[in-house]
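Encoded as structure tokens, the structure appears first; notes follow it.
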């Protein structure tokens, strides 16, 4: 039986590598390729029977996790596995929360990816990260929102306005974030948050 797979990846070399791997694992596979997000969405609109999407979140036409969010909102039942260099545990958790059905780090070995693809096509959720960066366990949605506004360089007063909370509460959030990340100032906290995958540019 022919299996139709969409590879959404802007780097031609890695796209070729994934295609060869898929053809090795599934001889009957039919592969469709998209080099940017608009092309991926157009492909999904014109092909109703795609069995799997291999999706790199860092592709032209979208930013952060917006592409993943939009694709899963429009096609919630579509099996989608993120294949990316963004392999922080925090980021992977966010991807799964947005509906991703699995994750494969681009740094994984060929044998690991082959095994993962087989398991995925059998319906398993596969998570293969290249790092073990647990970082701070959990941040609340408000703390993450505060972090994102800090990353934009906004002062406490502006953050308070954006989040509709008091400047005092913002100060408390910032203080808590500095403690969580073990940092002395806002700039360090933003850098650490980026390293751990809490902020995806």
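In the working numbering, the protein residues as written are 850 to 1050.
We put the beta carbon where it would ideally sit given N, CA and C, even for glycine.
Residue i classed as buried or exposed, judged by whether at least 16 other C-beta atoms fall within 10 angstroms
i            : result
residue 1002 : exposed
residue 974  : exposed
residue 940  : buried
residue 986  : Reliability fails at residue 986, whose pLDDT of 47 lies under 50, so the model's placement of it is uncertain and the value that follows must be treated cautiously. Exposed, by the Cβ-count rule.
residue 871  : buried
residue 1031 : exposed
residue 914  : buried
residue 869  : exposed
residue 921  : buried
residue 966  : buried
residue 862  : exposed
residue 949  : buried
residue 943  : buried
residue 960  : exposed
Backbone CA spacing between residue i and residue j [nearest angstrom]
i            : j            : result
residue 925  : residue 947  : 10 Å
residue 1046 : residue 1000 : 13 Å
residue 854  : residue 1006 : 48 Å
residue 1033 : residue 892  : 48 Å
residue 969  : residue 958  : 16 Å
residue 895  : residue 865  : 23 Å
residue 977  : residue 873  : 20 Å
residue 878  : residue 851  : 5 Å
residue 1011 : residue 995  : 9 Å
residue 963  : residue 955  : 12 Å
residue 952  : residue 886  : 18 Å
residue 1021 : residue 993  : 14 Å
residue 934  : residue 875  : 24 Å
residue 1036 : residue 1013 : 23 Å
Cβ neighbours of residue i in the same chain (closer than 8 Å, five flanking residues each side left out)
i            : result
residue 997  : 1048
residue 1009 : 1015, 1016, 1018 and 1019
6 Å Cβ shell around residue i - same chain, five flanking residues per side excluded
i            : result
residue 972  : none
residue 918  : 947
residue 1027 : 1038
residue 889  : 857 and 883
Contacts around residue i, its chain only, beta-carbon distance under 7 Å, and the 5 residues preceding and following it disregarded
i           : result
residue 898 : 853
In DSSP terms, what residue i is bridged to
i           : result
residue 855 : 881 and 902
residue 976 : 952
residue 929 : 902
- Query: Is it a yes or a no for the segment 906-923 touching the segment 850-859, going by three-plus beta-carbon pairs under 8 Å?
  - Reply: Cβ pair count under 8 Å is three or more, so yes.
- Message: Does the contact criterion of 3 or more C-beta pairs under 8 Å hold for the segment 918-935 versus the segment 897-904?
- Response: Yes: at least three Cβ pairs fall under 8 Å.
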